[in-house]
Amino acid sequence: MPIKKIIAFGSAKGGVGKSSITASLALSLSKHKKIGILDADVYGPNQNILFNLDTKNEIVDKQIIPITKKGIKIISMGNIMNYEDAAIWRGPMLSGAIKKLVHDTKWGELDYLLIDMPPGTGDVYLTIFNELSIDKFILITTPNILAISDLQKTITMLKKLNIKIYGYISNNIFNVEDQNSSKLISDNINHLGTYKFDKNLHDFNLDYNSEITEEISKRILSDT
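Numbering (numbering that gives the first Met the number 0), first residue to last: 0 to 223.
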């Protein structure tokens, strides 16, 4: 695939803002680079919802054509399956679906492919890491002891698999005192920034670009 860099966003904990932060950074990066998003959360895809994508992907010469929105090429199981359907798959079927999204998608040339990872540390992670060379992994967390605890499991997995951890983003949408995220510093993991509550981000305004999103995207662009 003619893709220059691949960045994955994830955490073992669900509901910490992986999808919205991935999408926000994609919008910011797309001002300067060619960007694609792979929504790897097969069981609970969100990128199709965040970008208001309500059409099915075209298949041309057995290749899946990404849907383009705001200049970003997007692949989400939400545009392949019917909206109300649930993917009830065992591990091998799940891995097969991920492989199909990875290898049968006609991305064209991309500067960055951003991967919105699902919660957990299971089959999707192993399949993605086996099929793609990840340049950076960005951790997403909230300042909650449960989220931090689950995040440590992600960190352990990434280190065992020799995946480069670029840093972590704290999604402090409730603007509470953050006494937990600092525990990551002991693992020498860079803090890339903290999101505070912002109604435009909460409503996912596609035309809005927050200051923190700009700061993080500039940092990513400068480290190439």
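Yeah, the Cβ is synthetic: ideal placement off N, Cα and C, and Gly gets one too.
In the displayed model, residue 171 falls within a strand according to three-state DSSP. Spatial neighbours of residue 189 in its own chain (CB-CB distance under 6 Å, excluding positions within 5 residues in sequence) are listed in chain order as 166. The shortest CA-to-CA distance from residue 121 to any of 219, 157, 205 is the one to 157.
Taking the Cβ atoms as the reference, residue 11 lies roughly 23 Å from residue 95, outside the contact range of under 8 Å. Per DSSP, the beta bridge partners of residue 75 are 38. 8 Å or more divides the Cβ of residue 187 from the Cβ of residue 139.
For the region 104–145, the full-length alpha helix (DSSP H) segments reaching 4 residues or more read 122–130 along the chain. Residue 15 counts as buried, since no fewer than 16 other beta carbons sit within 10 angstroms of its beta carbon.
Under DSSP, residue 194 forms a beta bridge with 170. Burial of residue 126 is indicated by the presence of at least 16 other C-beta atoms within 10 angstroms of its C-beta. Note on residue 40: 16 or more other CB atoms within 10 angstroms of its CB, so buried under the neighbour-count rule.
For the pair residue 2 and residue 44, the Cα-to-Cα distance works out to about 22 Å. Taking 8 Å as the upper bound for CB-CB distance, residue 71 and residue 56 are not in contact here, some 14 Å apart.
Per DSSP, reduced to three states, the secondary structure at residue 59 is strand. The beta-carbon separation of residue 21 and residue 113, rounded to 5 Å, stays under the 8 Å limit for a contact. Around residue 30, the same chain offers no residue with a beta carbon nearer than 7 Å, after the five sequence neighbours per side are excluded.
Within its own chain, the residues whose Cβ lies closer than 7 Å to the Cβ of residue 131, once the five positions on either side in sequence are excluded, are 5, 101, listed in chain order.
Distances from the alpha-carbon of residue 211 to those of 27, 76, 18 put 27 closest. Residue 191 sits away from residue 147, with the two beta carbons spaced by 8 Å or more.
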